[in-house]
Structure formats: C-alpha cells, structure tokens
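Trainee:
There are 2 protein chains.
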Amino acid sequence: MHTEESTIIQKISKKTTIEPNAIAVVTSLYRIGQGIKNKLEQEVLAKHKISWTSFSILYDLWIYGKMETKELALSAGVSKATISNIMRTLENKSLCRRETDPRDRRNTFVVITPKGKEVIEELYPEFHEGEIAIVKGLKTDDQKQLAATLYKLIKDNKF
Amino acid sequence: MHTEESTIIQKISKKTTIEPNAIAVVTSLYRIGQGIKNKLEQEVLAKHKISWTSFSILYDLWIYGKMETKELALSAGVSKATISNIMRTLENKSLCRRETDPRDRRNTFVVITPKGKEVIEELYPEFHEGEIAIVKGLKTDDQKQLAATLYKLIKDNKF
DNA sequence: TCAGAATCATTAGCTATGAAACGATTCTAC
DNA sequence: GTAGAATCGTTTCATAGCTAATGATTCTGA
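Chains A and B, in that order, give the protein sequences.
Here the first sequence is numbered in our numbering, starting from 8 and rising by one per residue.
Here the second sequence is numbered in our numbering, starting from 8 and rising by one per residue.
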C-alpha cells in the first residue's frame with residue numbers, strides 16, 4: 008500500500024494536507040518490522056520450534072536471570088495474558104520456572120533453568136547472524152545514524 | 008529485549024562476533040513497526056471497526072479501483088487465505104464486490120463500491136494525520152534521509 | 001482428444017494474541 | 001481492626017492470521 012502518492016494526492020488533497028515523507032516513512036517502517044519478524048522466525052526460530060515472543064522472553068530471562076511476569080510483559084510488548092500462556096509453554100518445556108514471591112503472593116517471578124540457558128545460548132548466535140545480515144547492506148555510519156533516528160522515534164512516540 | 012548489550016557481549020562473545028549496531032537497528036525497527044500498527048489501529052481504525060489489513064486492502068482498491076485477489080495478498084503482505092476471509096467481511100459490509108474473471112474463471116477480481124469509497128475517503132485523512140504525528144518530531148531532512156535508508160533496507164532484504 | 005499437471009480461491013483447523021472477567025492477595029483509610 | 005480499593009496472575013472468549021487440504025478450472029503434452 009501507499010505506493011502511488013500522486014494518485015492519492017489527487018484523490019483527497021482538496022480537503023487534506025498530504026505529507027509524502029510521513030507516508031513513506033510510516034509505511035516502510037511497518038513493512039520492515041513485519042519483514043524482520045517473518046524472516047527471523049522462518050530462518051532461525053522455526054527449526055527450533057520456538058515463537059518470536061517466546062524467544063524474546065527467553066532472551067530477557069537469559070540477560071536478567073530472574074524477572075517478574077509483569078516486567079516480561081512490558082519488555083516483550085505483549086499483554087499479561089500472553090505472558091501467562093507463554094510461561095505455561097516454556098515451563099512445560101522445562102526452559103524456565105515460575106516462583107511465587109513470598110513477600111507478596113500476588114507476584115510471580117520467573118527464573119531461567121539450565122536447560123533454558125542451553126537453548127538460548129545455542130539459538131542466540133544464529134539469531135544475531137540474522138540481525139547482521141539484515142543491515143549488512145548499510146554502511147556503518149548509516150547504521151549509526153539510523154539507530155539514532157529510530158531511537159528518537161521510539162522516545163517521541165513512547166513505542 | 009536487547010537493551011543490555013554489554014551483558015550479552017560478555018555472555019557469548021567468546022564464540023560469536025557481536026555487532027551492537029545490528030542489534031539496535033533490528034530491535035528498534037521491529038518495536039516501531041508494532042508500535043505504528045497498534046497506535047493507528049487503536050486511535051484511528053478501532054472506532055470504525057475496521058482492521059489494519061482490511062484498511063490496507065480498501066486503500067489499495069481505492070487507489071487502483073480493481074485488483075486481482077492475488078495482487079491484494081502480495082500488496083498487503085498476507086496470505087491468499089487471509090484475503091479470502093477479509094473479502095467476505097468487506098463484501099458483507101458492501102464495501103467491495105468480487106467478480107469472476109470471464110476469461111479465466113479461476114481468477115477473481117475485486118472492485119470497490121461507492122460505499123467503500125465513502126468509507127475510505129472519510130477514514131484516510133484521519134489515518135494520514137496519525138502518520139504525520141508519528142514523524143513530526145523529525146526534521147524534514149531527517150525524514151527524507153530515513154525514508155531513503157528504509158527504502159534500501161526493503162530492497163536489500165526484499166521485504 | 002484427453003489425462004494429468006498446474007493454478008486459482010476457498011474452507012477447515014490451528015496458533016497467537018488481546019480484552020474483559022475472575023479469584024486471590026495486599027494495601028489503605030478510617 | 002476491618003471494609004473497600006487496588007493489584008496481581010489466570011482463565012475465558014473472541015479475533016486475526018497462517019498452513020494444509022479441497023474443489024473448480026485451465027493448461028499441456030502426447
């Protein structure tokens with residue numbers, strides 16, 4: 008979508024201001040985001056039978072060791088309900104373990120297991136190779152500038 | 008995820024080359040893509056009870072008037088099955104209409120209806136305001152440079 | 001000519017996700 | 001001390017999307 012700016016400008020410009028840069032940027036960003044997810048899911052995660060969100064959660068646990076479920080939801084950008092479902096799956100695979108907070112039994116901590124560490128340490132290098140491949144066509148300076156601009160977008164929009 | 012590069016470098020750098028720029032760019036791109044979808048769905052499309060993909064398809068039909076279902080699938084980045092389901096919904100709402108190709112009855116064309124045009128012409132300006140809001144924190148030159156870099160990413164990766 | 005391959009759209013079954021409801025637990029104000 | 005508000009995680013229900021199977025149609029090669 009959004010490939011024919013001149014046409015669309017004809018269609019509505021009488022009533023509305025059109026900013027082609029906004030169209031190009033927003034459309035491209037969404038397309039690339041989906042492309043990244045699809046590519047890495049198919050090329051890296053699929054053969055290990057682990058979903059994008061599960062990988063993201065296992066990664067967080069690998070880095071931080073122990074997290075509350077609500078922190079995991081925030082970090083992975085999914086709802087508490089999704090975390091609850093994913094935790095059941097990961098726990099069935101013995102990749103992590105839930106523990107009730109003794110001080111406040113409403114809270115639940117999640118801990119990565121040794122088996123969970125094995126899996127993520129096998130998986131991550133391959134995932135990172137995929138990340139590198141995606142940006143390898145850009146010069147280092149362009150990568151840095153892009154990172155800075157994206158960071159500003161995230162901050163401005165609270166993404 | 009991917010917020011603690013130093014930690015992760017410690018964890019696997021003995022075996023693997025880490026490129027922080029690749030991590031920052033890929034992670035940010037995915038996060039922004041999801042953020043854009045969520046924001047525009049909630050702030051613009053939700054009150055009109057139309058999904059992101061349905062909007063995208065209606066937009067394409069608005070621009071091109073008449074398209075084959077397989078073209079719609081490619082343009083919207085979803086499967087033919089999804090198009091089939093969405094077409095049923097849009098047809099029930101009388102926003103578009105399916106027609107069998109008389110030359111090859113395996114093919115189906117989709118045409119936007121007058122009511123479909125009304126809906127998209129009411130909806131699009133508001134959607135575009137959302138697009139503008141997302142990038143408004145960036146200077147015009149930065150927007151242009153970003154668009155160019157994203158375009159290269161799309162081309163390199165065939166996204 | 002015509003049998004099988006190819007190419008469509010559609011359907012069925014599945015997974016992932018979110019919103020809302022729910023029960024358990026803790027906090028707060030009096 | 002205690003009733004009500006707030007905050008958890010979980011469950012339930014609904015929706016979006018995909019893969020694989022299906023049926024209809026057209027093409028192809030002998």
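Backbone N, C-alpha and C fix where the C-beta goes; we use that ideal spot for every residue, glycine too.
Only a predicted model underlies this, so the values are computations on that prediction, with no experimental measurement involved.
By Cβ distance, which residues of its chain are closer than 6 Å to A80 of chain A, with the 5 residues on each side in sequence left out?
Mentor: Translated into the one-based positions of the first sequence, residue 80 of chain A becomes position 73. Same-chain partners within the cutoff: K87 and I90.
Trainee: If you draw a straight line from the alpha carbon of T147 of chain A to that of I139 of chain A, how long is it in whole angstroms?
Mentor: Start at 1 with the first residue of the first sequence, and residue 147 of chain A comes out as number 140. Start at 1 with the first residue of the first sequence, and residue 139 of chain A comes out as number 132. Using only the alpha carbons, I get a separation of about 12 Å.
Trainee: Provide the residue span of the beta strand (DSSP E) that contains F62 of chain B, from first to last.
Mentor: Along the second sequence, read from residue 1 onward, the residue named residue 62 of chain B stands at position 55. Per DSSP, F62 of chain B belongs to no beta strand (DSSP E); it is in the alpha helix (DSSP H), W59 to Y71.
Trainee: Measure from the C-beta of K77 of chain A to each C-beta in chain B and report whether the shortest distance is under 8 Å.
Mentor: Position 70 of the first sequence, counted from the first residue, corresponds to residue 77 of chain A. Not one chain B Cβ lies under 8 Å of K77 of chain A.
Trainee: Which class does F116 of chain B belong to by DSSP, given the choice of helix, strand or coil?
Mentor: Numbered from 1 along the second sequence, position 109 holds the residue referred to as residue 116 of chain B. In the structure shown, F116 of chain B sits in a strand (DSSP, three-state: E or B).
Trainee: With 8 Å set as the bound, which would you pick, yes or no: does the beta-carbon of L52 of chain B sit closer than that to a beta-carbon of chain A?
Mentor: In the second sequence, residue 52 of chain B corresponds to position 45, counting from 1. No, L52 of chain B does not count as interfacial toward chain A.
Trainee: With a CB to CB cut of under 6 Å and the five nearest residues on each side skipped, what residues in its chain are close to F62 of chain A?
Mentor: On the first sequence, position 55 is the one that residue 62 of chain A refers to. These residues qualify, in order along the chain: L52.
Trainee: Only counting the same chain, and skipping five residues up and downstream in sequence, which positions put a Cβ closer than 7 Å to that of E98 of chain B?
Mentor: If you number the second sequence from 1, residue 98 of chain B lands on position 91. If we look at E98 of chain B and ignore the five residues flanking it on each side, its Cβ neighbours are R104 and R105.
Trainee: Comparing alpha-carbon positions, which option in A:A29, A:I127 and A:D108 lies nearest E75 of chain A?
Mentor: In the first sequence, counting from the first residue as 1, residue 75 of chain A sits at position 68. Per the Cα distances, A:D108.
Trainee: Quick test of the definition: if touching needs 3 or more C-beta pairs under 8 Å, does the segment 31-39 of chain A touch the segment 151-158 of chain B?
Mentor: Verdict: yes, contact present.
Trainee: Can you tell me the Cβ-Cβ gap for G144 of chain A and K77 of chain B, rounded? I've got them flagged as a contact below 8 Å.
Mentor: Against the first sequence, residue 144 of chain A aligns to sequence position 137. Against the second sequence, residue 77 of chain B aligns to sequence position 70. Rounded, the Cβ-Cβ distance is 29 Å, inconsistent with contact.
Trainee: Using 8 Å as the limit for Cβ to Cβ distance, is S35 of chain B near chain A?
Mentor: Mapped onto the second sequence, residue 35 of chain B falls at position 28. It does: the Cβ of S35 of chain B has a partner Cβ on chain A nearer than 8 Å.
Trainee: Is the Cβ of H135 of chain A closer than 8 Å to any Cβ of chain B?
Mentor: Residue mapping note: residue 135 of chain A aligns to position 128 of the first sequence, counting from 1. By this cut-off, H135 of chain A is an interface position.
Trainee: Taking Cβ positions only, does Q150 of chain A come closer than 8 Å to chain B?
Mentor: As a first step, residue 150 of chain A must be located in the first sequence, where it is residue number 143. Cβ-Cβ to chain B under 8 Å: yes for Q150 of chain A.
Trainee: Taking K159 of chain A as the query, report the chain B residues whose CB atoms sit under 9 Å from its CB, ordered along the chain.
Mentor: In the first sequence, counting from the first residue as 1, residue 159 of chain A sits at position 152. Within 9 Å Cβ-Cβ: G144, L145 and D149.
Trainee: Among all the DSSP beta bridges, which residues are the ones paired with M74 of chain A?
Mentor: Here the question's residue 74 of chain A lines up with position 67 in the first sequence. Partner(s): A:V117.
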